[in-house]
Every structure is written in structure tokens, then in C-alpha cells.
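What follows is a short report on a single structure.
Residue numbers (this note's numbering), protein chains in the order written: chain A, 1 to 526; chain B, 527 to 1052.
Below is the structure:
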């Protein structure tokens, strides 16, 4: 079987002198699928970069309306290919075709693309700021180089490098994209790219605006993110890869946004446990096993107070986890990392309550796992015990007393989220203490709810302090905020009025864009 | 004479085991002043960091109104000390006491502090975003660690680490500050710190909120910016120091904003030169020599078309520069760097039109300098010929033809500003070509005006793509935008209403804060 083509410079073509190839492995059987995908050489990457250079130039004369039209058409075309996409993704990832892809991830993906389309048309995202007296006007604009997107393994649609949140944000803010497929679902990514290319053609947009490579060697990845032509990089994935790319990009002073792993600590206060322990156990069990625990917002660390309620809670939770069938993991790597992480947690003093081992089958499957450790032990090895076990595994920390619960909070690393469950109308002072510590350690602070489920809302922050991400001021989910990562602040000082971009002219471009004029947000003309 | 005290942990005290000391050198004579300032050991820095930790905690219960009160009182107290501050700064920097400090920089500084006070009170800066349906709310909030500020040598008031733009932005957004004085004006900085401390006391704010050290060894600087307790660093100064600090901070995944040097290219189109060459020469000459050229927005590179008008222009400009008395530079280092940069430009093919050498006096003085180079030569050594000559020195590039003028634009590095002078009603197509290239290379695009003069406006961008700064999405001048550098995006998901910060509660905190509620900017309650 011939090697699959790459999408470079506007068309599907043979990879130039590829380094090698890879095949998608069926997680259910461990067997390689027939199709061979190229590991691109730097020749292909350079071709993609120079094609992007022209895309940047051409995009200057493309209207936001036309970009919006593309995003909308792309969303509709994805819907038209829903069956094929879901089928392919299910085979490649072992995630359920209907309940995951057709019912949840596909609508989420098209919703994101349509929200991005609305934001592009609406233009308010660019935060036009006008000082009429000084005649200084500014707004956010595209970067002037392509956005390179590395998609994660766990969201083959909603965070796919060529259809997901980063993609939608980069395109809607006017940048071309070089997508680097996740090698876990190359076939799915290929279909998205084909659908996208057709939509581009129909809208008369530069075909170089979207390019796709499947895989590259680490060194070539470093060269790509640090290349002079690159505008910015968005990476979602493991801490190890994220940090390596971050180092390469920053050494060349190139922008990079990394969204890495985390534990998403959940504090359950004693009176909340007494009040509604069973419900919380049910919520937690569902949240832990959702998508086989392969979510960046999976609740990996749960802090409880030592008492009988906690023992009961752990017992109920363990039962629930045991009675929930183990899911199949995305890849052999996920299985291996998870096994290694659980082993490392055990070495650091955590005990297995339930699960803790690979299921004896050909499939990449690991038992739903619950571990526990005392607060004392956690505090002694807090760094090691914050090792992420990506997959269906959570660690319960049982604090000796309230004071220790607070101390545990101070030892937590930066995270995407932090949840607090407290009694319906008590435990306010404990809440205040924990909140004060947790607030600057997480991007999203949650009450009475598990961290899984990241709404695509303008008010969302799917970000957080390092090591959750590289900059706590940005979010990778939520339109329009996510778009600001891929834009530069362009100021126009004394620029003649007819030369200003439409967003900064006296007349509101279409009468409804929000602009900050002389200190007031308004939709009016000047 | 005893060594000067540092301001650490709320009081002035002797430095702990200082590495050594330094003295301010009078630029007029090259003679050291009597006062000895410490080069702090890391012991002092660690003390400052741990004091900041407590400041962060205490600041959580301080109201924005109280922070605003402090900023306003501080501004008034600075005015009350105007004579002493201006006198001291004039001695330390050789910049003119009245025309520079009393008349310009002091009002600018107090204006910035007052604008920051208004922004703190107004609260709109934090961009509260509320999704009522999903009950997700977010806003920008302090980082949870001190902002370390390294002030530059060239703005002893308006960018002083303890009174300038970064200081105002960091404090107004609720962060404590560790100020690292510029060793060029330690006495001035000391007075500011004293005035600030008194205002803090009067407002009942945590005294650890503002700390001051004068100097440190480079390695200790790296340790400071990469320290786990540090929230972020703001640096304004040379590229060399900026890049070294950036590397240190980023290796530890700590935020750092660097505002470095640049050339601020000025394109003067041929018909503009024909139309108003004399006026432009006058503007350019003034802009080149303002503050002895020691501005980050000094016009260091001027691009002209080869013809007789250009020759006349260069002649007039050179005459003006020759007839403007050479000013005294800020320090021996500035003089040495300038001499070295001019020598390097000459080696790379630039010719001296005027000036080009040190003035024969005890003072640190360099003749107002104009160099020229052909477009051909510039394109051959475009990197070396973009060496910044910080001080009263500019390089004219004479393009062979219009096509080459455009090519020169493509060879420019990232800059804070780019100016274009064109004919009153002609040269639109050339403008479009140059603008398309320049736009993504500069933070602030200017028409018919020189780059010096950076208005403190909400629409200002004093930033730009690397190497002008480290991130093109931020500005260091302009309230409230500059405040966003020192804040994290804090999301509240399903958080019980009474626990929300005032800015995110249903009721608008004081009825006038702008918030983005369900997609509309409004001052209303929910």
C-alpha cells in the first residue's frame, strides 16, 4: 500500500523524502491498520512554511465574512461526514462511535467552529480600542505567520489539530494553520483535512491556509516551532513533549501555548460528605471513568478528611469503579504511561484500593483504579505523589485533620481546575481558607461539581498556572478569548482615516461590533 | 560613609552581607558621588521574596479603592517632592531638571499613577466576563506572586521601577512589587521609595507591598526572576540583559515581559520629501536628539529613495544635527556602547555624514550622529546594519529604487514602532505595499509623525514583535492594557454567588464597571 499523501501548498501530494512511516494501531486488538502515514522530512515542513508565508499575504485581503463562511461551511460538511468520521475515529481510538463521537464530540466541534465563525464576523473579539482625542487606535490582528497546532490524542474531533478549538481560534483570528496530526488518529484527521480543503475551495479562500502533516521527528518539531516564519505554536498533550517544544520555541523567542496535563484536585469537605456522600461518589466515579479517564480535566487527586464518612465514601467509590467496565485506552503508550505512573505512585507510598493493573486482554485496557495515601505521606513526597496517571486512575489523599487539609492545598502544583464540595450552608470558613490557596493555583475554580465537562463559553478558562499551561492569562477553550493567543496588538497612531482597518474606522463596520471608545464600550459610530 | 539601606519587609534596613557597593557617577564629570549603594546578596533577595509572599496574602483583603487611594496619594506626594526629585535625577542623569523632569517626566509619572488609580477603582480593566446561562464567570486577577521590575536608565521617573509605568500597572492590578533600581539613578529611586512607603503607611496598606534593592549580580538576577515565589518580571533595557533574564525566567517557566531596544524605522516617501522635506528634516532632527537620543522610540533608521531631494534632505538634516549642541549621555556605559555601535555600523559599510565621535570633554558626550548607507549595502548586511546605536545616532538607508525600498522593509526586524511619511494625497499604493510589510513587524504604526512621544493612552501599544519585546500581544505603556501582563485569568464555574468576587457578582460593584455579560458589554446588573 502506498504511503498516504500530505496536504501541503494547497493540494494532496506525496511526501518528499519521508523519514519513514507509521500505522495506526487498533486499541482493541493491538494490530496495525493497513494504511501507512508518512513521518515527514524537514523538506516537507519547509515547503509548508513557505506556503504559509503566501497564505499570510493573501489573507490580508480576505474579509472576516469570508472566513466565517468557510468555518460555517466546514461545520456543515463535517456534519455531512458525521458517520464516516465517527466510524473512523472509533476504530482508531476505541472511544464509542455513537455515545462519544456522534452524540457529543461532533456537535461540540461544529458548535466551536460556528462560534468561531460568529466571532470572526462579529469582530468584537479584536478588542478595538480608540482614543479619539489622541487619534490612537489599536486592535488585535493576525500574527503574520502560521499557527502550528499539535493536537492531543484524547479529543480526535474537538481538539483535532485541523478541526478543534485551537484550529477554530487560529483561523477565526485570520491566521493560516499548519496542523500536525496526532499519530493516534491519522485517518480521522485526514478526513477532516479533506472536508476542510473542499470548504476552502468553495469559499475561494487561499488553499495554503490549511496544511497537514502527520508526524515528524522530535528534532524537526523543534525546528518547526522555532522557525523564523512560524507565528505561534499551540500544543496540547503530555508535559514531557510540551516542555521540550516550549524550550525550543522560547529559545528562538517564538510564541508557544502549551496545555499540558494536571491532576485537577477535588476537595470534599467533611460536612458535604456527611450530607451527600453517595451522590458525590456517583459523580466522582462517573467523572473518573469518563472517556476512560483520558481527559485533561480528569479528577486525579481527591482530598478528604480522615473519619468514618471518608472510609464509607472510599468503599462506595471503589465499588462503583469496580462495577464500571474498564474501557479501552487510546494507545499502547497511554497504557504504558499509566502503568508506570501507578507503579510510581505505589513506590511513593500510595496504596491500591481498587484496580491498579492491566486487564488481561489483547486490548489496551487498564482496570479503573483508585489509590489512597495519608496526608502525612503525601506531604512528605508531594511532588512524586502529584505524578499524573493519565487514564482511569485517581488518588485519594486522606488528611489527618483540617489543618493538614489546608497544608495539602499549599503543596499543590498549578492545575487547570480545582473543585470544592462543601455543605449546602456550612463550612464557609474552611471554604475561604482553601479557596484563598487554590485560587491562584488553578485556572477554573469549581463549586459542587466535577472538573470534567469544559463548556465552550466566552467566560471559560481552560488554562492555568504552570505546569498546567505556560501562561496563566490565556485559555485554549472559549471563543473569543482563545483567539487572543494567536494575535498581536496593532496600534495605529495618527494613521490617516481612510487607511485604518474597518474595525478602527469612525464608522462601526456593521453597526454591532463592540469597541472601547474613549473608555466606554459601545456599538456606536464615532 | 555608610552603605545605603534597602527597603525590605516593610522597613529601611542595612543590607545583609552585601556583595559590594556602587556609586552613582556624575555624567557631567565622570566623578563618583559620595553615597554608596549596596550590591545585594541573595540573602536580601530571598528576604524580599518571602516578605512578598505575605504581601500577596494580605492584598487579598485589600480593596481596589484602597489601592487607588495609595496611588493617588503617592502621586500627590511625588508632586510635593518635585524639586528634590528633579534635582537629584538631573545630577544623576545629566538630563535637564526643568525642561525634562519638572515639565515633562514628572507630570507624566503622576498622570500614569492617577490613571492606574482610576483603573483600579473602575475595575473594568479585569474584563469580567459572565455567562449567565452556564453560570461561568471569569476575570483577570493578581498573579499570586510579586512582580519584579527592572527599570531602564533612560526614564528615571516615568519608567522607574518604583514609580513608573510597570510599577503603576503591577500595583493597580493588585500585585506587590520588588523594584530593582537602575544603577544610573539610585538616589532618585531612593526618594521615590521613601515617598511610596510613607503613602503606603498612610493608607494602611501592607508595607511589604513595595520593596527596593539597588543592584545585584547577574546570577542573582537570574535566580530572582526564576524563583518559585516570583509572579512575573518586567524588564526594560538592553537586548543583552533582557535576553539573559528571559532565558532564565523561561527556563523556570516564569512569566517575563521584556521591552528591549529597537530602531523604529521611518520611511519617508519621495513625494512627501518633495512636498515638505524641510519640515520633516526639522521633526526628524528634534526626534533624533530628544533626550540625547536615549529613547526606546528613537528613530534609528530612516529609509529614503535615491534622488536629489534626498541629498538635499540629508544635507539639511546634518546641518541641523551639527547645530544642535551635543547632550550629555546617561552613563559611561551608554557612551561606550554608542561608540562601539557606531564603529560596528561603519565596519558594515555605513558612512558618517555628521558627528560619529566622542566629544572631547570630561562629560559622557557624543556628537549628534548621522550615518548613511546605500540600499544595496544594507541588504547585504541587513542584520549588522540593524545594530542599535542607543543615543543620538541615526542611519539613513538610501534605496536605489522603489522596489528596493520595499525589499528593505521585508528585511527589518521586529520593532516597537514604524513610521511612514507620504504625500498629502498621493503615494497611496506605495503606502499599501510598505504598510502590508511593516504592519506585522511593529507594535505601533505611525503616519506623518516621528516615533518619539508615547502617549499614555488606553489605545497605545508600546510593544511589538520580537526582538522589540518577548510577546506581541502586550503593551508596557497604556492603562489599563498594561495591567493585563500581571494578571491571571481566573474562572469561576458554578461558584456559589455569595462567594464570587465583587466584580463577578450579579450586582455591578458600583454601577459603572464595564462587564461582558452574555456577549454584550454593559454597566448593568444581571
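Even for Gly, the Cβ is constructed at its ideal location relative to N, Cα and C.
Computed from a predicted model, the values in this text were never measured in an experiment.
Residue-chain proximity (residue i, chain A), Cβ-Cβ < 8 Å
i               : result
residue 1039(B) : no
residue 908(B)  : no
residue 511(B)  : Not covered by the structure: residue 511(B). The range shown for chain B is 527 to 1052.
residue 997(B)  : yes
residue 776(B)  : yes
residue 1001(B) : yes
residue 817(B)  : no
residue 844(B)  : no
residue 969(B)  : yes
One or two residues paired with residue i in a DSSP bridge
i              : result
residue 319(A) : BP columns for residue 319(A) are empty, so no partner.
residue 415(A) : 442(A)
residue 546(B) : 565(B)
residue 7(A)   : 12(A), 212(A)
residue 655(B) : 664(B), 1042(B)
residue 257(A) : 234(A)
Contact with chain B by residue i, beta-carbon distance below 8 Å
i              : result
residue 491(A) : yes
residue 208(A) : no
residue 255(A) : yes
residue 479(A) : no
residue 509(A) : no
residue 407(A) : no
residue 533(A) : The structure shown does not extend to residue 533(A), since chain A is modelled only from 1 through 526, so no value can be given for it.
residue 242(A) : no
residue 143(A) : yes
Within chain B, the residues that residue i reaches when beta carbons sit closer than 7 Å
i              : result
residue 521(A) : 1040, 1047
residue 446(A) : 1019, 1020
residue 466(A) : 779
residue 505(A) : Here the premise fails: no neighbours, minimum Cβ distance about 14 Å.
residue 455(A) : 660, 662
Contact set for residue i: own chain, Cβ-Cβ below 6 Å, skip 5 residues either direction
i               : result
residue 306(A)  : 398, 400
residue 116(A)  : 71, 168, 172, 479
residue 437(A)  : 409, 410
residue 712(B)  : 550, 563, 740
residue 108(A)  : 158
residue 135(A)  : 494
residue 1038(B) : 1049
Amino acids of chain A, ordered along the chain, whose beta-carbon sits closer than 8 Å to that of residue i
i               : result
residue 586(B)  : 436
residue 655(B)  : 458, 459, 481
residue 1013(B) : 473
residue 1010(B) : 473
Proximal residues to residue i (C-beta, below 8 Å), its chain only, five neighbours per side dropped
i              : result
residue 362(A) : 28, 29, 30
residue 509(A) : 123, 502, 503
residue 573(B) : 534, 535, 542
residue 328(A) : 27, 28, 94, 292, 363, 364, 365
Partner residues on chain A for residue i, Cβ-Cβ distance less than 9 Å
i              : result
residue 663(B) : 459
Residue i: contacting residues in chain A (beta-carbon distance under 7 Å)
i              : result
residue 672(B) : Per Cβ cutoff of 7 Å: no residues; residue 672(B) is ~12 Å from chain A at best.
residue 965(B) : 490
residue 989(B) : 489
Per-residue contacts from residue i into chain B (C-beta, under 8 Å)
i              : result
residue 431(A) : 1025
residue 49(A)  : Near residue 49(A) there are no residues of chain B at all, since even the closest Cβ is about 16 Å away, more than 8 Å.
Under 9 Å from the C-beta of residue i: neighbouring residues of chain B
i              : result
residue 449(A) : 1019, 1020
Close-in-space but distant-in-sequence residues of the same chain around residue i (CB under 7 Å, 5 per side omitted)
i              : result
residue 483(A) : 119, 125, 169, 172, 173
Below-8 Å beta-carbon distance, residue i vs any chain D residue
i               : result
residue 1019(B) : Of the protein chains in this structure, namely A and B, none is chain D.
Note to self: So within the region 325–405 of chain A, which uninterrupted alpha helix (DSSP H) runs reach at least 4 residues, ignoring any that extend past its ends?
What the structure shows: Correct list: 332–347, 375–380.
Item checked: Start-end ranges of the alpha helix (DSSP H) lying completely within the region 171–225 of chain A, minimum 4 residues -> Runs of the alpha helix (DSSP H) inside the region 171–225 of chain A: 186–203, 218–225.
Note to self: Please give me, in chain order, every unbroken run of the beta strand (DSSP E) with length at least 3 that falls completely inside the region 426–514 of chain A.
What the structure shows: Complete beta strand (DSSP E) runs here, min 3: 442–447, 487–493.
Note to self: Give the list of continuous beta strand (DSSP E) stretches no shorter than 3 residues that lie fully inside the region 239–293 of chain A.
What the structure shows: Within the region 239–293 of chain A, complete beta strand (DSSP E) segments of at least 3 residues are found at 255–259, 266–268, given in chain order.
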